[in-house]
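Each residue of the sequence shown is one higher than the last, beginning at -10 in the working numbering. Ideal Cβ positions, reconstructed from N, Cα and C, are used throughout, including at glycine. A quick write-up on the structure given underneath.
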Amino acid sequence: MKSRGYCYRCYPIILRLEKTRAWDPSRPETLRHYPKWGGDIALPSGENLQNRHGLEPRTTDFPKIKAHTIQELQKRLLHFGNIEEKLSGPISGYDLELLLRRVARQAAARDRHLLSGIATAIEWSFNHRQRKLLFEWLSEILDNVRWRGINSWGWMRR
Ligand SMILES: [Zn+2]
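Here it is in C-alpha cells:
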C-alpha cells in the first residue's frame, strides 16, 4: 500500500502536510484540520497560545499555529523515518528494552524503571528475526495509541 513512493504510514502525513501548507485564512475551505478546540496550543518555544475562537483564523496567531502544525507533522514523519531506518538494520536488545519501557509508560505503569536492564536477557532469548518482529509489533501498538492530536508525540523523541 504505497503511494508516490511513500509507505502506508508516511503517505497520510505527507498529504496532511500539503493541506496544512495550503492553509489560507482568507479561504476557509482550505482550513482542513485547523485546530477547533478551545484549549491552549503549546508551541515549541514554550509559549502557550489560546485558541479561544476555534475556527477563526483571521487572528495574529494564525501564522504560528500553521507553522507549529507543519513542524509537528514533520516530526511525525521523522519519527516514522526513524522506525523504518531501525527496522532496516539489526534490532539490539537495548532497542527493544527502550521500546518495551515506552509501552510501559504509555500504559501508565507506576514504576518508571520497570523492565529497565533487560537488554541482555532479550538478546539471550530472542534471535535477530524475532527481535525485529517484536520491534515492529511494539512500534505498531505505540503508533496506534499515540495519535491523539498534534502535541502528544513528544515521548517518542530520545
Ligand atoms: Zn514511511
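Check the DSSP bridge columns for residue i and list the partner residues they point to.
i: Tyr23; result: Tyr23 pairs with nothing; no bridge assigned.
i: Ser(-8); result: Tyr(-5)
Residue i: buried (16+ other C-beta within 10 angstroms of its C-beta) or exposed?
i: Glu7; result: exposed
i: Ser128; result: buried
i: Tyr(-3); result: exposed
i: Arg65; result: buried
i: Gly143; result: Any reading at Gly143 is ruled out, since the residue's pLDDT is 34, under 50, leaving its predicted position unreliable.
i: Asp100; result: exposed
i: His117; result: exposed
i: His57; result: buried
Going along the chain, which residues of its own chain have a beta-carbon closer than 8 Å to the beta-carbon of residue i, five neighbours each way excluded?
i: Leu104; result: Glu86, Leu89, Arg90, Ala93
Beta-carbon within less than 6 Å of residue i's beta-carbon, same chain only, minus the 5 sequence neighbours each way: which residues are those?
i: Phe69; result: Arg(-2), Cys(-1)
i: Glu112; result: Gly82
i: Ser(-8); result: Tyr0
Please return the same chain residues whose Cβ sits closer than 7 Å to the Cβ of residue i, not counting the five positions on each side in sequence.
i: Thr19; result: Ala11, Trp12, Asp13
i: Val134; result: Gln95
i: Phe115; result: Leu123
i: Lys55; result: Thr9, Trp12
i: Val62; result: Just to set this straight, residue 62 is Leu in the shown sequence, not Val. Cβ neighbours of Leu62 beyond the five flanking positions: Ile2, Arg5, Leu6, Thr9.
i: Thr109; result: Gly82
i: Ile130; result: Val92
So residue i packs on residue j, CB below 8 Å; how close in whole Å?
i: Leu67; j: Phe124; result: 18 Å between Cβ atoms; not a contact.
i: Ile80; j: Arg120; result: 4 Å
*What residues sit near ligand 1, counting only those whose C-beta is closer than 6 Å to one of its heavy atoms, in chain order?*
Tyr(-5), Cys(-4), Arg(-2), Cys(-1), Phe69, Glu73
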